[in-house]
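> In the numbering used here, the protein residues as written are 87 to 349.
Yeah, the Cβ is synthetic: ideal placement off N, Cα and C, and Gly gets one too.
#1: Do residue 303 and residue 223 come within 8 Å of each other at the CB atom, strictly closer than that value?
#2: For residue 135 and residue 175, I'd like the C-alpha separation in whole angstroms.
#3: Take the Cβ of residue 170 as the centre, count every other Cβ of all protein chains shown within 10 Å, and call the residue buried at 16 or more, exposed below.
#4: Have a look at 205, 143, 300, 290 and flag the residue whose alpha-carbon is nearest the alpha-carbon of residue 167.
#5: Quick check: the region 239-253 against the region 180-191, are at least 3 beta-carbon pairs closer than 8 Å?
#6: Buried or exposed: where does residue 198 fall if 16 or more other Cβ atoms within 10 Å of its Cβ makes it buried?
#7: If we count the other Cβ atoms within 10 Å of its Cβ and call it buried at 16 or more, is residue 238 buried or exposed?
#8: Are there three or more Cβ pairs, one per stretch, closer than 8 Å when the region 270-281 is compared with the region 154-162?
#9: Using the Cβ count rule (16 or more neighbours within 10 Å means buried), how would you classify residue 133?
#10: Report the start-end ranges of each alpha helix (DSSP H) in the region 212-270 that is 4 residues or longer and not cut off at the edges.
#11: Name the residue from 270, 244, 216, 228 whose alpha carbon lies nearest to the alpha carbon of residue 301.
#12: Would you mind sorting residue 173 into buried or exposed? The rule is 16 or more other CB atoms within 10 Å of its CB.
#13: Look at residue 260 and residue 268 and say whether their C-beta atoms are less than 8 Å apart.
#14: By the 10 Å Cβ neighbour count, where 16 or more other Cβ atoms means buried, how is residue 263 classified, buried or exposed?
#15: Please classify residue 226 as buried or exposed, where buried requires at least 16 neighbouring CB atoms within 10 angstroms.
#16: Expressed to the nearest angstrom, what Euclidean distance is found between the alpha-carbon atoms of residue 78 and residue 194?
#17: Candidates 271, 297, 196, 211: which alpha carbon is nearest residue 247's?
#18: Under the rule that 16 or more other beta-carbon atoms within 10 Å means buried, what is residue 196, buried or exposed?
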């Protein structure tokens with residue numbers, strides 16, 4: 087049993103260590119220098135087919151486990167091991183931690199001394215695009231596949247949406263900031279993937295596929311930024327402006343938050 091659990095950890099570590107960092111090429115966009123400290127070496131806005139290898143492999147392995155008998159036995163072995171480790175206890179913080187890398191991607195570049203490839207507006211567009219792509223993949227697949235969760239509550243186990251969300255954010259952090267920030271973000275992502283198994287909410291193949299979808303969604307979000315710039319005619323000198331207006335709905339006794347975003 088422990089063999090399969092260790093294999094799961096090895097797969098996730100391989101995903102982190104083999105995530106490619108593409109060296110800057112002539113003509114690539116230069117990093118946005120926010121301070122004098124050392125920062126990122128390159129910007130990865132341009133499509134590179136090599137960056138499809140890792141997420142494609144993870145998605146393929148995860149999809150293979152939906153109907154393959156050998157992989158299903160591994161799923162059950164890992165699940166049994168996790169139930170033994172957890173003792174029936176659950177760690178619910180993964181419901182919130184899944185958003186931490188994406189929030190870090192948006193906010194970290196606003197601190198003095200942090201070099202980035204994109205300003206806040208561009209990072210917001212990339213995040214929104216990545217999240218939309220991820221949801222467009224995860225939610226339909228969940229309903230089409232209809233895999234039963236380990237806790238037998240629902241039939242929407244494959245793929246793991248929590249894992250997709252956190253790996254999307256981790257890949258965005260890795261592509262934007264220093265190696266240390268990327269490793270930390272991927273560490274958080276691996277932790278969330280682990281706790282989806284620990285909480286008896288997903289099978290191993292769900293988590294593997296979710297990681298692949300998250301990384302792929304982040305790459306698409308980054309690659310689409312130049313397309314949005316051409317379509318909507320905004321340049322690098324424009325900035326994101328946000329205005330929020332909270333209101334209280336007396337009839338429904340609820341707090342509403344309205345906002346306007348100007349690019």
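Walking through what the data contain:
#1: Residue numbering aside, residue 223 sits at position 137 when the chain shown is read from its first letter. Residue numbering aside, residue 303 sits at position 217 when the chain shown is read from its first letter. Yes, they are a contact pair.
#2: As a working mapping, residue 135 is identified with position 49 in the chain shown. As a working mapping, residue 175 is identified with position 89 in the chain shown. Cα to Cα, the separation comes out at about 42 Å.
#3: Position 84 of the chain shown holds residue 170. Flag for residue 170 reads exposed.
#4: Residue mapping note: residue 167 aligns to position 81 of the chain shown, counting from 1. For the residues 205, 143, 300, 290, the minimum Cα distance to residue 167 belongs to 290.
#5: yes
#6: Taking the chain shown and counting its residues from 1, one reaches residue 198 at position 112. Result: exposed.
#7: Position 152 of the chain shown, counted from the first residue, corresponds to residue 238. Residue 238 is exposed by the Cβ-count criterion.
#8: no
#9: Position 47 of the chain shown, counted from the first residue, corresponds to residue 133. The C-beta of residue 133 has fewer than 16 other C-beta atoms within 10 Å across all chains shown, which makes the residue exposed.
#10: 247-262
#11: For this step, residue 301 is matched to residue 215 along the chain shown. The candidate whose alpha carbon is nearest that of residue 301 is 216.
#12: In the chain shown, residue 173 corresponds to position 87, counting from 1. Classification for residue 173: exposed.
#13: Locating residue 260 in the chain shown gives position 174, where the first residue counts as 1. Locating residue 268 in the chain shown gives position 182, where the first residue counts as 1. Contact: yes.
#14: Along the chain shown, one-based indexing puts residue 263 at 177. Per the 10 Å Cβ criterion, buried.
#15: For the purposes of this step, residue 226 is identified with residue 140 of the chain shown, where counting begins at 1. Its Cβ having fewer than 16 others within 10 Å, residue 226 is exposed.
#16: Examination of residue 78 is not possible in this model, given that the chain is present from 87 through 349 alone.
#17: For the purposes of this step, residue 247 is identified with residue 161 of the chain shown, where counting begins at 1. Of the listed residues, the one whose Cα sits closest to residue 247 is 297.
#18: Against the chain shown, residue 196 aligns to sequence position 110. By the 10 Å Cβ count, residue 196 comes out exposed.
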